[in-house]
Structures are given as C-alpha cells and as structure tokens.
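Working notes, structure below.
Residue numbers (my numbering): 50 to 226.
Next comes the structure, spelled out in structure tokens:
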C-alpha cells in the first residue's frame, strides 16, 4: 500500500474487491487504514452537502461554498471540515480529489454551524502538457466532509472562459492566453 497519497490519479480500473481483474491487493484492502484527514473524537459530527454561490463562474469570479457542520454527539468537541475539488475532465490526468480548504471548529453538544469557504481560478489551475500553469474550462466537483473518505457529499459547478480556451495563471495573477 505504499505510497499512499490522497490526491492520487485515477487508474482507469476502479477498485472492486469481488473482481480479480481490477486494481487491488490480493491480501489486504486497497484503501489506507487511516485516510487523509482522519481524526478521532469523543463525540460525533455530521456535515451537509456543500452549497455553492453559483452554478457557473468565470476566471474573475470567486466561488462561495457553505457547509453545515453539527455536533450530533453528547459531548463538546472539535471537528476539522475539509473541502476537496475534482476537475471532472482535464487535458491531462488530474487527481481524484485535491484539498482546497479546511477549517477547525469547536462545537458544543447539539450545536450546528455554517462554515464558508472560497475558491478562485488559482484553486483550479494546474500545469498542463505544455508546462503552462492554466485553469481549463469545464465541470468541477466540490466535496465536503471530515476526511477524504468521508467527503461523499458533493456539488458541481462550471468554469467558463472566453472562447472556451484555457486561462493562464502567472504568479497568482490571471492572464489570458
């Protein structure tokens, strides 16, 4: 199981423990014992699906994300809410999930709070096949949860660029390519 990295690339052969012709180990599970972001507490927490400020953004926009977290246990405790992003279709293989924000919050028993995160074009950019740092137009998925394995609640948005071309990002300042 080494190396294990939460932002791994998709293999093209999804894990299916019942099928011997998929990506898996013969004697152990394919998943790590403690997934990225895993933590223990004396209480339990629940998170909502992320709510997005807009279904579509441009490179000049900032996407707002809201996630509700609740302490569903009988004791006070701290939770670390994590937000991940996936580029659903890219010109090069992209990670299945990339951490783009996290926030630690202390909650009393039964307390609920709404956390706010923001994404901009720099959070969606990557180095393409020609070694340019770009953000490509297309569909993205936002996940929220208490670990990478817990972040199954999701929402989708689209990045739209002028003429449907990649948006170059140089030293954090967007420039059209």
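Glycine included, each C-beta is placed from N, C-alpha and C at the ideal position. Note that the coordinates shown come from a computational prediction; the quantities given were computed from them, not determined experimentally.
> Which same chain residues, not among the five before or five after residue 206, have their C-beta less than 8 Å away from its C-beta?
Replying inline: 101, 103, 104, 105, 106, 112, 188, 189, 191
>> So, at 8 Å on beta carbons, what are the nonlocal neighbours of residue 209 in its own chain, with the 5 sequence-adjacent residues on each side left out?
In response: 105, 106, 107, 186
> Of the choices 146, 151, 155, 199, whose alpha-carbon is the least far from that of residue 233?
Replying inline: Since the displayed the chain opens at 50 and closes at 226, residue 233 lies outside it and no answer follows.
> My guess is that residue 168 and residue 149 are in contact by the Cβ rule of under 8 Å, so how many angstroms apart are they, rounded?
Replying inline: 6 Å
>> Strictly by DSSP, which residues pair up with residue 11?
In response: There is no way to answer for residue 11, as the model of the chain reaches only from 50 to 226.
> What's the C-alpha gap between residue 109 and residue 124?
Replying inline: 43 Å
> Under the three-state reduction of DSSP, which class applies to residue 67: helix, strand or coil?
Replying inline: coil
>> Taking 8 Å as the threshold (C-beta atoms), are residue 195 and residue 130 in contact?
In response: yes
> Are the Cβ atoms of residue 215 and residue 184 separated by less than 8 Å?
Replying inline: yes
> Just how far apart, CA to CA, sit residue 98 and residue 217?
Replying inline: 31 Å
> To which residues does DSSP link residue 120 through a beta bridge?
Replying inline: 94
> Tell me which same chain residues have a C-beta within less than 6 Å of the C-beta of residue 176, skipping the five on either side of it?
Replying inline: 182
> What first and last residue would you give for the alpha helix (DSSP H) that runs through residue 172?
Replying inline: 170 to 173
> Which whole-angstrom value is the C-beta distance of residue 11 and residue 204, which I expect to be below 8 Å?
Replying inline: In the structure as shown, the chain begins at 50 and stops at 226. Residue 11 is therefore absent and cannot be evaluated.
>> If I measure Cβ to Cβ from residue 140 and keep anything under 7 Å in the same chain, skipping five residues before and after, which residues do I get?
In response: 177, 178, 185
> Thinking C-beta only, is residue 132 closer than 8 Å to residue 174?
Replying inline: no
>> Judging by CA-CA distance, which residue of 94, 170, 114 is the nearest neighbour of residue 121?
In response: 94
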